[in-house]
Every structure is written in structure tokens, then in C-alpha cells.
Amino acid sequence: DQFDIDLNLKEMGVKTAAELIAKYHVGRIIYFVWAHNTRSPHQIADLSNGIQQAGLAQPTPLPLLISTDQEHGIVARVGKPATLMPGAMALGAGGSRSDARKAAQIAGAELAAMGIVQNYAPVADVNVNPANPVIGVRSFGSDPQAVAELVAAQVKGYQGAGIAATSKHFPGHGDTKTDSHYGLPRIDHTVEQWEQLDAPPFRAAIAAGIDSIMTAHILVPALDPAEDPATLSHPILTGVLRERLGYDGVVVTDALDMAGVREK
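Numbers in our numbering are just positions in the sequence shown, counted from 1, shifted up by 267.
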């Protein structure tokens with residue numbers, strides 16, 4: 268279907284996802300609305316099936332990891348007739364862990380039916396900056412413990428439905444005044460402030476068995492005096508995430524075409 272040919276395929280000199288997989292040995296594909304590959308749940312399921320068939324037809328047959336950002340609320344890559352759940356702010360206002368878990372279970376079951384195996388949700392950022400231009404209503408709120416409880420509930424909901432959940436954006440994007448799509452934010456929390464404000468939701472996600480954690484393109488000098496973006500920071504990803512928090516799962520980066528990481 269020519270409509271499924273997205274901009275990335277054109278830039279890489281191929282016409283179909285199957286050609287992309289064969290030429291570049293792709294192991295992961297993410298669905299975006301702007302790429303014209305999320306028209307409807309039925310179309311997405313067909314596309315996912317075709318992608319997996321192409322992966323298994325390679326000389327070394329392997330399934331692909333198909334993912335998307337279905338946070339719900341203002342970030343939802345799959346629309347009707349899929350169920351549109353409340354966004355994080357709404358669930359945070361309700362304060363029900365049961366509702367948060369159920370919403371993730373339902374969403375996860377629908378994603379699985381479309382052949383999607385990883386979802387870049389829930390957002391674990393604690394939105395303590397009212398002027399935050401990129402997190403805002405994508406966060407469950409400004410109370411670290413309340414956010415932690417809802418993050419853990421959604422991790423269990425998604426993963427109970429067979430979807431690999433991804434908490435983001437480590438080590439915490441909630442107190443920024445710059446959008447990392449367009450610049451490199453800086454958070455001047457002390458280590459103690461980070462432990463109190465930013466760490467609890469990620470600790471809760473890890474305790475809940477989170478499959479993957481996404482990095483943030485932000486500077487946190489208290490955690491990395493060299494001031495490398497967290498995505499590129501050994502002190503943050505190894506020293507803090509792996510060693511201090513004890514996380515041994517998959518680490519994924521936020522998009523590498525964002526200005527927050529490209530500036531470095």
C-alpha cells in the first residue's frame with residue numbers, strides 16, 4: 268500500500284518496510300501518525316503482520332520489535348476505533364490505581380491485537396514545573412509518591428496484557444522549562460532533590476518489573492558533573508540507573524533526531 272510508505276523509507280532509498288528490513292537488517296520499527304502508518308487498527312495489524320513476515324524471511328530469521336507511543340491523552344498514535352483512554356493528568360486527578368491499571372490493560376490488549384509489542388508509556392516524570400512545555404498533562408501530577416503509584420499500576424496493566432511497558436524520561440523531565448525536541452534542558456536539582464522528586468516513579472516502575480526505561484535528553488549536573496545529556500551519560504545510565512537503582516532491563520533512548528541530543 269503506497270500510503271504506508273513513510274518519509275523514513277523515502278530517505279533511505281527503499282519503497283517498502285520489507286525492503287528496509289532486507290537492506291538495513293532492521294530490528295525495531297516504531298509507528299507514528301506523521302509517517303502515515305497508523306490509519307486504523309485493522310490496517311496496523313496487517314502492517315505488523317507483513318513486517319514480521321519480512322523479518323522471518325531474512326537469511327537469519329528474527330521477529331522485529333514493533334513499538335509506538337500510545338500514552339493516551341495528547342500523545343496517542345492510534346485513534347478510533349481503538350479505545351481512547353484518559354490521559355495521565357486525568358488519571359492523576361482521579362487518583363485510582365485500579366483505574367490506571369485497567370486503562371493500561373485495555374490499551375495493552377488492543378496494542379497486542381495490532382501486533383505492537385512495546386509501548387513507550389507510562390510517563391514517569393513528576394511535573395513540578397507549571398511552565399514545562401513538553402511534559403505537562405502527560406504527567407500523572409506533581410506529587411512524587413502519587414505519580415509512583417500510578418506508574419506502577421500502569422506498568423502492571425500493560426505488561427499483564429503482554430506489552431513491554433517503558434517508563435520515561437529518565438532521570439526525570441518534569442522540572443524543565445525547555446522542550447528537548449528544540450533545545451537541551453537543564454535541571455539543577457541536588458542529588459537529594461532528585462531522590463525526593465524524580466526518582467520515586469522510576470523506583471516504583473523498577474519494583475513493578477518494568478521491561479524498559481527511556482532516557483531523557485537533559486542535563487542534570489548533580490548526577491553528571493561533566494554535563495553530558497542523560498542519554499549519553501555513563502554516570503547517569505550506569506552509575507545511577509544500573510547501580511544505584513539496580514535496574515537490569517532494557518534502556519532505550521528518546522528520539523535521536525531531537526535537538527536536545529544533537530546539540531551535544
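Glycine is no exception: its CB is placed at the ideal position from the N, C-alpha and C atoms.
Note that the structure is a prediction, hence the values are computed from the model and not measured.
Can you tell which of the options has its C-alpha closest to the C-alpha of residue i?
| i | options | result |
| --- | --- | --- |
| Thr482 | Pro468, Ile503, Ala472 | Ile503 |
| Ile383 | Ala367, Ala428, Val418 | Ala428 |
| Ala413 | His456, Ala522, Gly375, Met356 | Met356 |
| Ala324 | Ala360, Asn304, Gln310, Ala284 | Ala284 |
| Pro326 | Arg306, Leu499, Lys290 | Lys290 |
| Gln372 | Thr350, Gly359, Gly361, Ala360 | Thr350 |
| Pro308 | Gly359, Gln320, Ala343 | Ala343 |
| Val518 | Trp461, Glu459, Gln385 | Gln385 |
| Gln310 | Glu278, Ser447, Gly322, Lys347 | Lys347 |
| Pro400 | Gly361, Ser447, Gly439 | Ser447 |
Taking 7 Å as the limit between beta carbons, can you name the residues of its chain near residue i, skipping five residues before and five after?
| i | result |
| --- | --- |
| Gln269 | Because Gln269 carries a pLDDT of 48, less than 50, the predicted location of this residue cannot be relied on, and no value is offered for it. |
| Ile341 | Gly354, Val404, Arg405 |
| Phe437 | Phe469, Ile480, Met481, Thr482, Ala483, Ala497, Leu508 |
| Leu512 | Phe469, Arg470, Ile473 |
| Asp271 | In this prediction, Asp271 scores a pLDDT of 48, lower than 50, which makes its location untrustworthy; the coordinate-derived value is nonetheless stated afterwards. For Asp271, where only same-chain residues beyond five positions count, the Cβ hits under 7 Å are His303, Asn304, Leu314. |
| Asn316 | Gly382 |
Considering only their Cβ atoms, is the gap separating residue j from residue i smaller than 7 Å?
| i | j | result |
| --- | --- | --- |
| Met381 | Ala370 | no |
| Glu530 | Leu451 | yes |
| Val393 | Lys435 | no |
| Ser363 | Ala431 | no |
| Ile477 | Gly441 | no |
| Ile318 | Leu329 | no |
| Leu378 | Ala367 | no |
| Ala526 | Tyr449 | yes |
| Arg453 | Leu499 | no |
Report all residues from its chain with a CB closer than 6 Å to the CB of residue i; omit the five preceding and five following residues, and keep chain order.
| i | result |
| --- | --- |
| Val293 | Leu287 |
| Thr457 | Ala489 |
| His426 | Correcting the residue identity first, residue 426 is Gln in this sequence and not His. Around Gln426: Ala432. |
| Ala398 | Lys444 |
| Asp491 | Ser500, Pro502, Ile503 |
| Pro411 | Val393, Leu464, Pro467 |
| Ala376 | Ala428 |
| Thr520 | Thr482, Thr498 |
| Gly408 | Gly359, Val414 |
| Ala321 | Ala285, Ile288 |
| Gly439 | Asp392, Asp465 |
| Ala475 | Ala419, Val422, Lys423 |
| Asp455 | none |
What is the C-beta distance between residue i and residue j, in whole angstroms, given that I count them as a contact (C-beta under 8 Å)?
| i | j | result |
| --- | --- | --- |
| His484 | Val528 | 4 Å |
| Thr443 | Asn396 | 6 Å |
| His339 | Ala312 | In fact, because the Cβ distance is near 19 Å, the residues do not count as touching under 8 Å. |
Can you list, in chain order, the residues of its chain with a C-beta nearer than 8 Å to that of residue i? Leave out the 5 residues immediately preceding and following it.
| i | result |
| --- | --- |
| Met279 | Leu287, Lys290, Tyr291 |
| Ser365 | Ala420 |
| Asp515 | Arg509 |
| Ala493 | Ser500, Pro502 |
- Query: Between the region 287-302 and the region 323-341, do at least 3 Cβ pairs fall closer than 8 Å?
  - Reply: yes
- Query: Are the region 498-518 and the region 416-423 in contact at 8 Å, needing three or more beta carbon pairs?
  - Reply: no
- Cβ contact check for the region 407-418 and the region 467-475: 3 or more pairs under 8 Å: As far as the Cβ criterion goes, the region 407-418 touches the region 467-475, which means the pair count is three or higher.
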